[in-house]
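Sequential numbering of the sequence shown, starting at -5, is according to our numbering. Working notes for the structure below.
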Amino acid sequence: MDLLDRLLGHDAWTTEQLLRLSRQLDDARLDRQFDLGNQSLRATFAHMIGNVEVWTGLMAGRTVDLSPPDDALPALEQRHARSYAEFAALARRIRDEQRWDATYLDTLDNPPRPKTFGGTIAHVITHNMTHRGEILHLLQRLGVSDLPEGDALSWEASRRPG
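So, in structure tokens, the structure goes:
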């Protein structure tokens, strides 16, 4: 497994773990406002998942739909699984074709600007890690116990048999 596979696997798995932990929270706690990031747990998950959807669409050359999707927790879990699988497949194809420095047009910029595939893939992965740190903090403030560390070595250990 190469470094990209490790980063993608860790990114997807850790977000999935935090979404699962959030199932124990009612809507009031999912939407409780805090003084950091996107201000609520639900808004932070929606932002992260939407970010993956938008950047994947832009890199794939599609018109991006910016209308607000369903942000119920089960819908967020489904969107995460679907969008991250598409993002990871695209990232691996870019790796396999050695197109890290090739560019696509970010049509959401005004005016539209070229961006590199490698820079965008790195942005998505590091962006998610930043927000997962916020999510761990929010979950702790909401009283959720047994929080994971969320690090790459924990992800790797979870993949080992026994």
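Yeah, the Cβ is synthetic: ideal placement off N, Cα and C, and Gly gets one too.
**OP:** Return yes when the C-beta of Q27 is under 7 Å from any heavy atom of the ligand FMN, and no when it is not.
**Re:** No copy of the ligand FMN appears in this structure; indeed no ligand is present at all.
**OP:** Give me the Cα-Cα distance between Q11 and P108, rounded to the nearest whole angstrom.
**Re:** Q11 and P108: Cα-Cα distance of roughly 34 Å.
**OP:** Ignore the nearest five residues each way along the sequence and tell me which others in L99's own chain have a CB closer than 7 Å to its CB.
**Re:** Excluding positions up to five away in sequence, the list reads P106, P108.
Subject >> Whether R17 touches L67 by CB criterion (8 Å) >> reply: In contact: R17 and L67 (Cβ atoms closer than 8 Å).
Original post:
DSSP three-state call for D100: helix, strand or coil?
Top reply: Reduced to three states, the DSSP call for D100 is strand.
**OP:** Could you please give me the residues that DSSP links to R107 through a beta bridge?
**Re:** When beta bridges are read from the DSSP output, R107 appears opposite D100.
Subject >> Cβ-based neighbour list, R89, same chain, cut-off 7 Å, excluding 5 preceding and 5 following >> reply: Within the same chain, R89 has close Cβ partners L(-2).
Original post:
Can you give the beta carbon distance from L15 to V138, rounded, assuming they're within the 8 Å contact cut?
Top reply: Confirmed, about 6 Å.
Original post:
How is the alpha helix (DSSP H) around P68 delimited, first residue to last?
Top reply: Looking at the DSSP string, the run of the alpha helix (DSSP H) that includes P68 is 67 to 90.
Original post:
Which of the three DSSP states, helix, strand or coil, is assigned to D(-4)?
Top reply: The three-state secondary structure of D(-4), taken from DSSP, is coil.
Subject >> Where N104 falls, given that 16 or more other Cβ within 10 Å makes a residue buried >> reply: Flag for N104 reads exposed.
**OP:** Have a look at Q33, R36, L35, P62 and flag the residue whose alpha-carbon is nearest the alpha-carbon of E47.
**Re:** Its Cα nearest to that of E47, the residue P62 stands out among Q33, R36, L35, P62.
Original post:
Considering only the beta carbon of each residue, do W149 and G3 sit closer than 8 Å?
Top reply: For W149 and G3, yes; Cβs fall inside 8 Å.
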